[in-house]
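> Residue numbers (full-length UniProt numbering): 1 to 441. Beta carbons: idealized from backbone N, C-alpha and C, even for Gly.
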Amino acid sequence: ETTYQVQVNNDGNRQDTISLAISSNDWDSSFSENSVTIDAFSNQIVTLTVSSESSADYGDSDELTITATSGNSNDATDTLDLDTYVRVHYGLGLTAISQSGSGEPGSTVTFNFKILNKWSESVEYEILKKDWYRGTQGNPPQGWTFTDGGGTLDAFEEITTPSSSSVKVTISSGADAGEVVTIIVQAKVSGDSDGDFAIELEIEVRVEGEYNVQLILPQSDQINLPTGQSFSISNYIQLKNLAKVNDLVTITATFEAGQGADWTLITPDPISIEASGEKPLFISVTAPDSAAGGQATLKIRAESGGDSSVYDEATLTFRVDTIATASGPETDQLSEESDFPVDPIWLVSIVLIIGLGSAAVFGLQQKSKGAFGGSEQNVDDFSDEWAGMGSPAPPSTAAVPQTAPPPAAAPPPPAAAPPQPQAPPSTAAVPQQPAPAPPPP
1 ETTYQVQVNN
11 DGNRQDTISL
21 AISSNDWDSS
31 FSENSVTIDA
41 FSNQIVTLTV
51 SSESSADYGD
61 SDELTITATS
71 GNSNDATDTL
81 DLDTYVRVHY
91 GLGLTAISQS
101 GSGEPGSTVT
111 FNFKILNKWS
121 ESVEYEILKK
131 DWYRGTQGNP
141 PQGWTFTDGG
151 GTLDAFEEIT
161 TPSSSSVKVT
171 ISSGADAGEV
181 VTIIVQAKVS
191 GDSDGDFAIE
201 LEIEVRVEGE
211 YNVQLILPQS
221 DQINLPTGQS
231 FSISNYIQLK
241 NLAKVNDLVT
251 ITATFEAGQG
261 ADWTLITPDP
271 ISIEASGEKP
281 LFISVTAPDS
291 AAGGQATLKI
301 RAESGGDSSV
311 YDEATLTFRV
321 DTIATASGPE
331 TDQLSEESDF
341 PVDPIWLVSI
351 VLIIGLGSAA
361 VFGLQQKSKG
371 AFGGSEQNVD
381 DFSDEWAGMG
391 SPAPPSTAAV
401 PQTAPPPAAA
411 PPPPAAAPPQ
421 PQAPPSTAAV
431 PQQPAPAPPP
441 P
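#1: Using only alpha-carbon positions, find the residue among Ile97, Ser61 and Lys114 that is nearest to Ser51.
#2: Provide the residue span of the beta strand (DSSP E) that contains Asp81, from first to last.
#3: For the beta strand (DSSP E) holding Lys114, just list the boundary residues, first then last.
#4: Please classify Ser276: does DSSP put it in a helix, a strand, or coil?
#5: Helix, strand or coil, according to DSSP, for Asp176 in the structure here?
#6: Hey, could you find the ends of the beta strand (DSSP E) Lys129 is sitting in?
#7: Can you tell me the Cα-Cα spacing of Gln186 and Arg206, whole angstroms?
#8: Excluding the five sequence neighbours on either side, which residues of its own chain have a C-beta within less than 7 Å of the C-beta of Gln142, listed in chain order?
#9: Leu201 by DSSP, collapsed to three states: which one?
#10: Counting C-beta neighbours from all protein chains within 10 Å, is the total for Ala257 16 or more, i.e. buried, or is it exposed?
#11: So, under 8 Å CB-CB, Tyr236 and Leu316 are touching, yes? Tell me the CB distance rounded to an integer number of Å.
#12: For Asp78, tell me which candidate among Thr110, Ser19 and Asp26 has the shortest Cα-Cα distance.
#13: Out of Thr160, Thr136, Ile159 and Phe318, which one is the CA nearest neighbour of Ser232?
#14: Please classify Asn10 as buried or exposed, where buried requires at least 16 other C-beta atoms within 10 Å of its C-beta.
#15: Count Cβ pairs between the region 272-285 and the region 213-232 that sit closer than 8 Å; are there 3 or more?
#16: Compare the C-alpha of Asn43 against each of Asn13, Glu53 and Asp192 and name the closest.
#17: Measuring only the C-alpha atoms, how far is Glu208 from Ala177?
#18: Out of curiosity, what's the CA-to-CA distance linking Glu200 and Leu153?
#19: Any idea what DSSP makes of Ser164, helix, strand or coil?
#20: Given a cut-off of 9 Å, decide if Ile45 and Asp16 are closer than it, judged by their beta-carbon atoms.
#21: Would Pro270 be called buried (16 or more neighbouring beta carbons within 10 Å of its own) or exposed?
#22: Residue range of the beta strand (DSSP E) that Asn241 falls in?
#23: Just to confirm, is the Cβ distance from Thr160 to Asn112 under 9 Å?
#24: Does the Cβ of Ser166 have 16 or more other Cβ atoms within 10 Å, making it buried, or fewer, making it exposed?
#25: Grouping DSSP H, G and I as helix and E and B as strand, with all else coil, what is Ser32?
#26: So what does DSSP say about Ser120, is it helix, strand or coil?
Given below as structure tokens:
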């Protein structure tokens with residue numbers, strides 16, 4: 001509500017009682033006194049109270065007419081029209097010229113407002129940050145800065161804030177592309193320390209830039225892999241951010257139609273990558289045993305979070321190893337140095353040498369025994385040493401001790417001497433040693 005001080009004048013030359021009436025009003029209005037008695041050529045002050053409706057807001061108004069009538073003459077009247085407007089003590093009006101702004105990491109975004117003084121006196125105002133967050137409240141941005149706005153307003157003045165007194169938001173140089181920060185700003189009169197009459201609104205800042213992502217294959221696009229084992233392709237494909245802004249890149253991967261039906265494929269969550277950065281893609285594949293000897297082609301797509309129309313694709317072909325199998329009789333593998341105890345060539349040589357040795361010994365024995373001559377005579381003597389021999393004895397190996405070799409075919413024995421005419425048994429060929437002489441008595 002508001003009050004008016006209304007002065008009632010008696011311009012007559014005698015005392016008069018003047019009555020007061022209110023008309024044409026919608027809001028409740030009343031005088032402190034409905035009539036006043038005033039001496040000639042005098043005046044008196046009365047109070048008029050106007051109460052607005054409870055639903056009235058700033059700028060609403062009500063009109064009323066006050067009529068004063070002389071008690072001395074009903075023809076002597078006068079009127080006064082009053083317009084009452086709703087005003088707000090410490091009240092301000094705030095409207096954002098634009099409620100959203102955008103910029104690259106490290107840049108500053110300026111917000112201008114229309115601000116109104118709803119009071120009948122000049123005021124100092126300020127525009128502050130009450131809260132800000134990414135996505136949901138309680139998640140403030142990191143590395144961002146907010147600069148307050150403020151200035152002076154005359155009574156009932158409305159202005160658009162100049163750049164020098166506007167709100168400024170500086171985006172973090174490490175902000176991700178597509179990141180959105182919501183800011184709750186609050187405008188209040190400097191004298192309103194408790195902020196009881198403060199007003200609030202929301203603005204938002206979006207991180208943008210010219211996005212550019214690329215998939216790089218540092219090695220061949222053909223990969224051999226075994227079955228049943230998880231295989232990471234991080235060494236075969238990399239993501240590169242060619243833009244000057246950070247990005248949040250979504251990775252998807254699919255096998256070409258008709259391929260990879262029973263394969264296991266694991267792709268990463270969206271990847272945060274800094275401006276001009278490069279990262280490997282940790283995608284893993286597992287080929288089933290049924291894929292052995294076959295191949296499958298995988299298409300990989302990287303999509304910018306700041307601009308979904310910006311993406312890159314690459315393909316990798318997997319060649320699955322054949323599962324090794326063995327069949328047929330098993331064989332033992334000999335070591336590089338043969339485990340055979342004796343080289344067969346040497347075995348034969350030893351046997352031959354043994355055979356020759358036996359024959360040589362036998363010949364020497366025959367030569368030392370003279371059947372018909374002395375022991376010093378070299379005579380071809382065919383004595384009864386050959387008698388009774390139906391077949392020659394096998395060569396003896398006693399002269400050369402050897403480890404028993406494995407079974408092997410023995411060489412044929414040396415040819416036997418031709419049969420000779422038989423002579424009667426004789427002991428002459430066997431010299432006897434004389435008995436030793438007895439010792440002297």
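According to the structure shown:
#1: Checked all of Ile97, Ser61 and Lys114; the closest Cα to Ser51 is Ser61.
#2: Run containing Asp81: Thr77 to Tyr85, per the beta strand (DSSP E) assignment.
#3: Note, Lys114: beta strand (DSSP E), Phe113 to Asn117.
#4: Coil.
#5: DSSP, read as helix, strand or coil, puts Asp176 in strand.
#6: First-last of the beta strand (DSSP E) with Lys129: Val123 to Arg134.
#7: Near 20 Å, if we compare the C-alpha coordinates of Arg206 and Gln186.
#8: Exclusion of the five residues before and after Gln142 leaves Ser172 as the residues of its chain whose Cβ lies within less than 7 Å of its Cβ.
#9: The answer is strand: DSSP assigns Leu201 an E or B state.
#10: By the neighbour-count rule (16 or more Cβ atoms within 10 Å), Ala257 is not buried but exposed.
#11: Right, the Cβ-Cβ distance comes to about 6 Å (below 8 Å), so this counts as a contact.
#12: With respect to the C-alpha of Asp78, the residue from Thr110, Ser19 and Asp26 having the closest C-alpha is Ser19.
#13: With distances taken between CA atoms, Ser232 lies nearest to Phe318 out of Thr160, Thr136, Ile159 and Phe318.
#14: When all chains shown are included, Asn10 counts as buried.
#15: With the cut-off at 8 Å, the region 272-285 and the region 213-232 touch.
#16: Restricting attention to Asn13, Glu53 and Asp192, the CA atom closest to the CA of Asn43 is found in Asn13.
#17: Roughly 6 Å separates the two Cα atoms.
#18: Distance from the CA of Glu200 to the CA of Leu153, rounded to the nearest whole angstrom, comes to 18 Å.
#19: The three-state reading of DSSP puts Ser164 in helix, counting H, G and I together.
#20: No, the Cβ-Cβ distance between Asp16 and Ile45 is not below 9 Å.
#21: Note on Pro270: under 16 other CB atoms within 10 angstroms of its CB, so exposed under the neighbour-count rule.
#22: Counting along the chain, the beta strand (DSSP E) containing Asn241 begins and ends at Gln238 to Asn241.
#23: Using a Cβ distance threshold of 9 Å, Thr160 and Asn112 count as a contacting pair.
#24: Under this definition Ser166 is a buried residue.
#25: Per DSSP, reduced to three states, the secondary structure at Ser32 is coil, with no helix or strand assignment.
#26: Correct three-state label for Ser120: coil.
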